Structures are given as structure tokens and as C-alpha cells.
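Engineer: I'd like to ask some things about the structure below.
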Amino acid sequence: MSNPPPQQQHSSPAGTTPGSRHEAQGQRQLGASACSTSPSVIDSMTAVVDEGTNTGEFFGISSAGSFTAQIKKAIDIRLGKPGPGPSHNLPATSRSVLGVTGAGDAPAPELSYVLPPRRQADHLMELYWFYVDPLYPFLDRKRWTNAYNAIFAGTVIDFNERIFVATLNIIFALSTQLLESQSLEQREQSSETYFHRAQDLLPMSPWESGSLELVQCLLVTSQYLQSTYNPHQTWMVVGSAIRMAQGLGLHLPETSADRSDPGERELLRRIWYGCILMDRMVSVTHGRPAMISKRPAMAVPLPNKSPPVDPRDITSGKDTGYYSFFVESVRLYEIIHQTMIALYGGSHSGRCKAKEHHVSDHDSSDNDDEDLDKVVQLDRSLSKWEKKLPDHLKWNMLEANKDEISRRQAVILRMRFLHARILLLRPLLSRFCLTQSPAENSLADDTLQIRVIQQGAMFCVATAQNIITTLLTHQTLDSTVGLLPAWWYRVYYVYSAATVLIAAKLRPDVFPAVEIGRSWGQAISVLKAHEKFGQSARRCVAALHILSSKILQAVPGGLPGHEGGSKRTSCRTSEGSQTGGGPDVPADIELPDLVQQLADEFETPMPDLSYQDLADFNFD
Numbered sequence: 221m222s223n224p225p226p227q228q229q230h231s232s233p234a235g236t237t238p239g240s241r242h243e244a245q246g247q248r249q250l251g252a253s254a255c256s257t258s259p260s261v262i263d264s265m266t267a268v269v270d271e272g273t274n275t276g277e278f279f280g281i282s283s284a285g286s287f288t289a290q291i292k293k294a295i296d297i298r299l300g301k302p303g304p305g306p307s308h309n310l311p312a313t314s315r316s317v318l319g320v321t322g323a324g325d326a327p328a329p330e331l332s333y334v335l336p337p338r339r340q341a342d343h344l345m346e347l348y349w350f351y352v353d354p355l356y357p358f359l360d361r362k363r364w365t366n367a368y369n370a371i372f373a374g375t376v377i378d379f380n381e382r383i384f385v386a387t388l389n390i391i392f393a394l395s396t397q398l399l400e401s402q403s404l405e406q407r408e409q410s411s412e413t414y415f416h417r418a419q420d421l422l423p424m425s426p427w428e429s430g431s432l433e434l435v436q437c438l439l440v441t442s443q444y445l446q447s448t449y450n451p452h453q454t455w456m457v458v459g460s461a462i463r464m465a466q467g468l469g470l471h472l473p474e475t476s477a478d479r480s481d482p483g484e485r486e487l488l489r490r491i492w493y494g495c496i497l498m499d500r501m502v503s504v505t506h507g508r509p510a511m512i513s514k515r516p517a518m519a520v521p522l523p524n525k526s527p528p529v530d531p532r533d534i535t536s537g538k539d540t541g542y543y544s545f546f547v548e549s550v551r552l553y554e555i556i557h558q559t560m561i562a563l564y565g566g567s568h569s570g571r572c573k574a575k576e577h578h579v580s581d582h583d584s585s586d587n588d589d590e591d592l593d594k595v596v597q598l599d600r601s602l603s604k605w606e607k608k609l610p611d612h613l614k615w616n617m618l619e620a621n622k623d624e625i626s627r628r629q630a631v632i633l634r635m636r637f638l639h640a641r642i643l644l645l646r647p648l649l650s651r652f653c654l655t656q657s658p659a660e661n662s663l664a665d666d667t668l669q670i671r672v673i674q675q676g677a678m679f680c681v682a683t684a685q686n687i688i689t690t691l692l693t694h695q696t697l698d699s700t701v702g703l704l705p706a707w708w709y710r711v712y713y714v715y716s717a718a719t720v721l722i723a724a725k726l727r728p729d730v731f732p733a734v735e736i737g738r739s740w741g742q743a744i745s746v747l748k749a750h751e752k753f754g755q756s757a758r759r760c761v762a763a764l765h766i767l768s769s770k771i772l773q774a775v776p777g778g779l780p781g782h783e784g785g786s787k788r789t790s791c792r793t794s795e796g797s798q799t800g801g802g803p804d805v806p807a808d809i810e811l812p813d814l815v816q817q818l819a820d821e822f823e824t825p826m827p828d829l830s831y832q833d834l835a836d837f838n839f840d
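647 is the number that this note's numbering gives to position 427 of the sequence shown; each next residue is one higher, with no gaps.
The structure is reproduced here in C-alpha cells:
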């Protein structure tokens, strides 16, 4: 049975000792640091933007921040407020994440680096192997561990040493972000120190050929950058990894098939599908086109779900389905990718297929019928995917599973599945809730299409409630990750779910205010519990509070106790009634009702947010 590594107190990396190899005295700065300037006003997951800043970055309609802007626009239209003019953002320039060098024939700088004390390094590596590798198996653990031990022993390694130590520092930075018991200041300072060391060691040049080790480094870097306020760097690093992998021929089936060693063959396939997985992930979170289309993406055989049998291998203790989570995640994100293409126009623009029905267009069209057909087909694909999961990853068998790693894989896969369903149903929610007024809907003909759209909207809300309940149920009290994903993914999932609840508040004639208020209270409590991790959760709470206050003006009839708001219970959206078997919320959790939530939310000061902060908040 796998158990999580024990929590340890770590010293600041500033006090670390030199590494075993110093080929030159002193360290010089190599390239520009992406973190040396002020952090971006956008985090890499939610894409919620502060007012008064022009990022010059495009975030399409699949991003959580863009859906928030869509809700805000619908509310403003109901209030008779003019909408903002079209945005004409220009591309922003940015320094390379891992630095920039000049021509390809520039002399390589001499190697010099420092490492943390061995005990501290070991603990950070344990965190990586326990929390990250089971989800993103981009490294060969046996080969990596041998090189890791050799670095500390001062002996020769079979890696490019510069790339290895740079990747090692990225791992330290990523693992530090998983130390939830540390203060925000200590965690950010330590992780940025490790990241800067990686930058110093590994300046990138577009003129130089890549390597498999460098692709691995970029994939791990993309994982770390998702925890930062550097969405542009996240986007560019994933793109660089893909281009480098293609340059090495990893997209061709024969590249891996020609390898005689099964372990090496499987590693090549995991790295290629790691590129695909990260491509799909950042495409959704940024609302931008994926780089790899379906046909070349799936040309390479999927990796085996079990590690190659080798009694000498340190991974031989892994259960036979260790890589099942990774393979099933790739399959799930391929369905999400098809959803983006079918319903979001491939995320190529903010106005493509996810029509803004709240503006003026209420006419049914053939395209609308086609979209409904696609929703049904894609939902069928999601259901088939869920049913075919191996037993140790099935949600309904979680309690019978005793292995901590596979239990966490099952919970995270459940979160990803629910989020995929929200992305699938959110266009229907928009069509149902973001029209100009409920009165106009009541005048429409009672057609099967309208009823299907309403049921889709209700299913979307129920799925959002399920996400919130799952997060709340498995939230730990001992400042550990537990069975949940990393904190930046938790913020992203709960914020995405909360925006669905905001949209539902615009239709109090269908969604009972008491039930929505209960889930709303859960979402806010989860986000507030994550404010200690950084600005992302705080910005999300502020955004939700502002939208919620606008609801009071736009739909005063949606409050409990008002005609049509709390008495309509025939269309239930509570946890379990639609999604089937989610865990119940513990009875001792305090859940504020909607009246208290909406009436008092701005009377209670929010930490570190002045009135001007709220007034200047922007969702565009």
C-alpha cells in the first residue's frame, strides 16, 4: 500500500550547499528570467483578469474567465447597461521562460550549480514520485534515480548533466508548490529560487536541435508554470515541447516501434502523449487552438497501462495498472478536444460556435439542431469512457480501493470527467440562462428542442454541484494534498463550477434558489480556504462576489421567499439527483443560505481588497 511522504519543514534554498560539480567558480546569469519581472495579472488556470491592465493575450470562450465575462455581459444587458466595445489586444512580447541565447554557435557557458541538502532534496523527490509521477509519468524513474544518486555522489551520469540538473530544479520547484503546510511567502520564494536556478542552467535557443531529455524538462516545466501567474510562458513551453518532440519524430509510430528495449519504447510513447495531454489542457484553460490535430495525435500506439516487467527496476513495485490513469486521461482529453472543436469552434475565436444567444438572436436554426446532436453524441462518448474504466479507477469503487495512489487517481479522474461534462453542457446553459430575460423564454413555443436545452442546462448545474461537493468532501484538514489534485487545479475546478451557479441564478424560475445557494456557499468556502495559496483564489472570490451582487439588481425575484424563486422544486438540481451517486456532504458543514450570502457579502470586508479593487475588477 502506498502512503504519502511525511511532511517536513524545509529550509530556504538560499542556504543550500554547492553541488558536487563546480567546473567554474561563481555563477553567472544566463538569459532572461520570466519571473524577474512583475507577475502577470492572470493566473495560468482561470484566466480571470484585473482591471486597468492590458495583457495583450487572447483567452477564448472555453476559458473560465471568458465564460465569466459572458455572464457579466448578459447581466449588464438585463440592467440596460451598454456593453464594452470590441477588444483589439495586440500580442504581448515576453522573454523566454528558460532564457534566450543568441546564435546557435554561441559558446556554452561553464557548468556551475548548487543543490539543496540531500535530506531536503530526497523529500522533494518523494513528493514528486508520489503526487506528480502517477499523473504525469514523463520520466524513467529507474534511470532518473540512478542519475540523481550519482549527482550527489559526484560520479558520472548518463544524462546531459546541464539538462538533468535544470530538470531537477524544476521538480524541486513543483514539489515545493505541493507543500501546503508552508506559508505563501516561503513556498513562493523557495519555488522561484529553484526555478531561477533552472533558468540559469538551461538557456533556450530556437536555433539548436532538441533532445528527449529537453522535451521531458519542458513538460515538467509546464506543470510547474500552471501554478504560477505566467499563462503566456505556460502556453509557449507546451508549444516548444511539442515542436521539439515532432523534430525528434516522436509523432511517428515507427520512432518508438523501432526501439528494441520495451522500457525505452514505452517512455517515448508516454512523452509523446504527454505532449498531447498538455496541449489539450492548455488549449482548454487558455481558450486557444490545440497544436496537434486528432489524426497525427493518435497515430502512435498508446502506452501500455503496466510498466515493463523487470525485477531490477525500482518501479517493479508498481501495480499492474500504474499507467492506466495516464492512458485514460489521454482518452478523456481527446473527447474534450472534440468538444472544443464541435461546440467552441476549436477555440479559434471568442465568437465562433458558442453563440451569444443573450444578445438578440432567438431563432432556431439547423446549426442549433446540429449542436444538440453533437452534445448527445459527445455525452455518449463520455459515458462509454466512464463505463470502460478499470476497476481501481472507478468512482463507485473508491471505498473498496485501499491503495492511496490509485484512490487519488480515481478522485482526480472523477474531477476531470465532471469538468469535461461541464464544458460539454455549458453552451446549453448559456442558451438557456443568458437570454435577455426569462419572460422572453416563457413566450417561446414549448418545443422538444427547448426542453432538451433546459434539461442540458439542469444537468450542467447538477454536474457543477457534484464537483463542488467532491472537492469539499475530500478536502483535508492537515495541510496536505490528500486525494485531490494540486491546489491550482482545485481553484480552477471550483471556480468553473461556481460560474455555472452564477448563470443558474439568472433563471430562478427553474433553479431553486435555496439549492443554488447551498452549493454557492460550498464553492465560496472552498475558494476562501485556498486564499492562503495565492492571489488566484482571492481574485476568483472577488469576481464571484461582484457577479453575485449584480444578480440582486438583474433578477430580484430569484431570492428565496420571492414568488417563483424558492417554491419551484419540480426541476431539482441537487447533488445526486442527476449525476448519480456522488458522496454526500458531511452534516456538520456550515452552509449559508442564499439570502444571507447575497445580502451580506459586501458588508463583510474581504481580506486585502479595497473598494477600489472591487470597482476596478474586470472580466474581459
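Just so it is clear, CB atoms sit at the ideal spot from N, CA and C, and this is done for glycine as well. Since this is a predicted model, take the numbers as computed values, not measurements.
CB-CB under 6 Å to R485, same chain, minus the five flanking residues each way: which ones, in chain order?
Structural biologist: Looking up residue 485 in the sequence shown gives position 265. Contacts found: S476, R479.
Engineer: For the candidate residues L592, Y543, G541, F546, whose alpha-carbon lies nearest to that of T559?
Structural biologist: Locating residue 559 in the sequence shown gives position 339, where the first residue counts as 1. Considering only alpha carbons, the answer is L592.
Engineer: Which residues mark the beginning and the end of the alpha helix (DSSP H) in which D478 is found?
Structural biologist: Residue numbering aside, residue 478 sits at position 258 when the sequence shown is read from its first letter. Counting along the chain, D478 falls outside any alpha helix (DSSP H), and DSSP gives it neither H nor E.
Engineer: Given a cut-off of 8 Å, decide if E548 and L633 are closer than it, judged by their beta-carbon atoms.
Structural biologist: Stepping through the sequence shown from its first residue, residue 633 is reached at position 413. Stepping through the sequence shown from its first residue, residue 548 is reached at position 328. In contact: L633 and E548 (Cβ atoms closer than 8 Å).
Engineer: Of all the alpha helix (DSSP H) runs that stay within the bounds of the segment 617-695, which reach a length of 4 or more residues?
Structural biologist: 624-653, 658-662, 668-693
Engineer: Three-state secondary structure (DSSP) at K525?
Structural biologist: Residue 525 sits at position 305 when you count from the first residue of the sequence shown. The answer is coil: DSSP assigns K525 none of H, G, I, E or B.
Engineer: Could you name the residues of the same chain whose beta carbon sits closer than 8 Å to that of S240, not counting the 5 residues immediately before and after it, in chain order?
Structural biologist: Start at 1 with the first residue of the sequence shown, and residue 240 comes out as number 20. With a pLDDT of only 42 at S240, under the threshold of 50, the placement of this residue in the model should not be trusted; the figure read from the coordinates follows. The answer, listed in chain order, is L335, I371, F372, A373, G374.
Engineer: Give a yes or no on whether the minimum CB-CB distance between S411 and chain D is below 8 Å.
Structural biologist: Chain labels in this structure do not include chain D; a single protein chain is all it has.
Engineer: For the alpha helix (DSSP H) containing D748, name the first residue and the last one.
Structural biologist: Looking up residue 748 in the sequence shown gives position 528. Inspection of the sequence shows that residue 748 is occupied by Lys rather than by Asp. K748 -> alpha helix (DSSP H) spans 733-749.
Engineer: Exposed or buried, which one is G741 when buried takes at least 16 other CB atoms within 10 Å?
Structural biologist: By 1-based counting over the sequence shown, the position of residue 741 is 521. With at least 16 other beta carbons inside 10 angstroms of its own, G741 counts as buried.
Engineer: Give me, in chain order, the residues of the same chain whose beta-carbon lies closer than 7 Å to that of G541; leave out the 5 immediate sequence neighbours on both sides.
Structural biologist: As a first step, residue 541 is located in the sequence shown; it is residue number 321 there, counting from the start. Excluding sequence neighbours, G541 sits near K525, S526, P610, H612.
Engineer: Give the straight-line distance between the Cα atoms of L552 and V672, rounded to the nearest whole angstrom.
Structural biologist: Taking the sequence shown and counting its residues from 1, one reaches residue 552 at position 332. Taking the sequence shown and counting its residues from 1, one reaches residue 672 at position 452. Approximately 24 Å between the Cα atoms of the pair.
Engineer: With DSSP collapsed to three states, give me the class of I512.
Structural biologist: In the sequence shown, residue 512 corresponds to position 292, counting from 1. It is coil, neither helix nor strand.
Engineer: Within the continuous alpha helix (DSSP H) that includes R759, where are the two ends?
Structural biologist: The residue given as residue 759 occupies position 539 in the sequence shown. Segment 755-774, the alpha helix (DSSP H) holding R759.
Engineer: Return the CA-CA distance between P509 and Y333, expressed in angstroms with no decimal places.
Structural biologist: As a working mapping, residue 509 is identified with position 289 in the sequence shown. As a working mapping, residue 333 is identified with position 113 in the sequence shown. Between P509 and Y333, the C-alpha separation is close to 38 Å.
Engineer: Judging by CA-CA distance, which residue of L704, V746, F392 is the nearest neighbour of A630?
Structural biologist: Sequence index remark: in the sequence shown, residue 630 carries index 410 (1-based). Distances from the alpha-carbon of A630 to those of L704, V746, F392 put L704 closest.
Engineer: Buried or exposed: where does T667 fall if 16 or more other Cβ atoms within 10 Å of its Cβ makes it buried?
Structural biologist: Counting from one through the sequence shown, the residue named residue 667 turns up at place 447. T667 should be labelled exposed.
Engineer: Might you give, ordered along the chain, the residues of its own chain that have their beta carbon closer than 8 Å to the beta carbon of G550, omitting 5 neighbours on each side?
Structural biologist: Here residue 550 is taken as the residue at index 330 of the sequence shown, counted from 1. The question names Gly, but residue 550 in the sequence shown is Val. Exclusion of the five residues before and after V550 leaves Y493, I496, L497, L522 as the residues of its chain whose Cβ lies within less than 8 Å of its Cβ.
Engineer: Is it buried or exposed for V681, if we count other Cβ within 10 angstroms and need 16 for buried?
Structural biologist: Start at 1 with the first residue of the sequence shown, and residue 681 comes out as number 461. Its Cβ being crowded by 16 or more others within 10 Å, V681 is buried.
Engineer: Tell me which residues share the same chain as R490 and place their Cβ nearer than 8 Å to its Cβ, disregarding the 5 neighbours each side in the sequence.
Structural biologist: On the sequence shown, position 270 is the one that residue 490 refers to. Hits under 8 Å: P357, F358, P523, Y543, F546.
Engineer: Taking only three categories from DSSP, how would you classify I377?
Structural biologist: Indexing the sequence shown from 1 puts residue 377 at position 157. When secondary structure is reduced to three states using DSSP, I377 falls in the coil class, being assigned neither helix nor strand.
Engineer: Could you work out which residue in M501, E554, L472 is closest to V520 when comparing CA atoms only?
Structural biologist: As a working note, residue 520 is residue 300 in the sequence shown. The residue among M501, E554, L472 with its C-alpha nearest the C-alpha of V520 is L472.
Engineer: So, using beta-carbon positions, are L649 and A743 closer together than 8 Å?
Structural biologist: As a first step, residue 649 is located in the sequence shown; it is residue number 429 there, counting from the start. As a first step, residue 743 is located in the sequence shown; it is residue number 523 there, counting from the start. Contact: no.
Engineer: Helix, strand or coil: how does DSSP classify V547 here?
Structural biologist: Position 327 of the sequence shown, counted from the start, is the residue given in the question as residue 547. It is helical.
Engineer: Straight-line CA distance for R363 to K293?
Structural biologist: By one-based count along the sequence shown, residue 363 stands at place 143. By one-based count along the sequence shown, residue 293 stands at place 73. One C-alpha to the other measures close to 53 Å.
Engineer: What separation, rounded to the nearest whole angstrom, lies between the Cα atoms of M635 and V376?
Structural biologist: For the purposes of this step, residue 635 is taken as residue 415 along the sequence shown, with counting starting at 1. For the purposes of this step, residue 376 is taken as residue 156 along the sequence shown, with counting starting at 1. Those two C-alpha atoms are separated by around 43 Å.
Engineer: Rounded to the nearest angstrom, how far is the Cβ of H639 from that of Y713, given a contact under 8 Å?
Structural biologist: Here residue 639 refers to the residue found at position 419 of the sequence shown. Here residue 713 refers to the residue found at position 493 of the sequence shown. Right, the Cβ-Cβ distance comes to about 6 Å (below 8 Å), so this counts as a contact.
Engineer: For E606, which residues in the same chain have their Cβ closer than 7 Å to its Cβ, ignoring the five residues on either side in sequence?
Structural biologist: Translated into the one-based positions of the sequence shown, residue 606 becomes position 386. Closer than 7 Å at the Cβ level, and outside the excluded window around E606, lie F637.
Engineer: Using only alpha-carbon positions, find the residue among G467, I555, I462 that is nearest to I512.
Structural biologist: Locating residue 512 in the sequence shown gives position 292, where the first residue counts as 1. The option with the nearest alpha carbon to I512 is I462.
Engineer: Hey, how far is the Cα of D353 from the Cα of W708?
Structural biologist: On the sequence shown, position 133 is the one that residue 353 refers to. On the sequence shown, position 488 is the one that residue 708 refers to. A straight-line Cα-Cα distance of about 17 Å links D353 and W708.
Engineer: Between the alpha carbons of S410 and L394, how many angstroms are there, rounded?
Structural biologist: Translated into the one-based positions of the sequence shown, residue 410 becomes position 190. Translated into the one-based positions of the sequence shown, residue 394 becomes position 174. Going from the Cα of S410 to the Cα of L394 covers about 10 Å.
Engineer: For H471, which three-state DSSP category applies?
Structural biologist: Here the question's residue 471 lines up with position 251 in the sequence shown. Coil.
Engineer: What number of angstroms, rounded off, separates the C-alpha of I390 from the C-alpha of Q446?
Structural biologist: By 1-based counting over the sequence shown, the position of residue 390 is 170. By 1-based counting over the sequence shown, the position of residue 446 is 226. In a straight line, the C-alpha of I390 is about 12 Å away from that of Q446.
Engineer: Compare the Cα-Cα distances from V720 to each of I383, I688, R759 and report the closest residue.
Structural biologist: Walking along the sequence shown from the start, residue 720 turns up at place 500. Checking every option, the nearest Cα to that of V720 belongs to I688.
Engineer: In whole angstroms, what separates the C-alpha of P225 from that of T690?
Structural biologist: Taking the sequence shown and counting its residues from 1, one reaches residue 225 at position 5. Taking the sequence shown and counting its residues from 1, one reaches residue 690 at position 470. Their backbone Cα atoms lie some 23 Å apart in a straight line.
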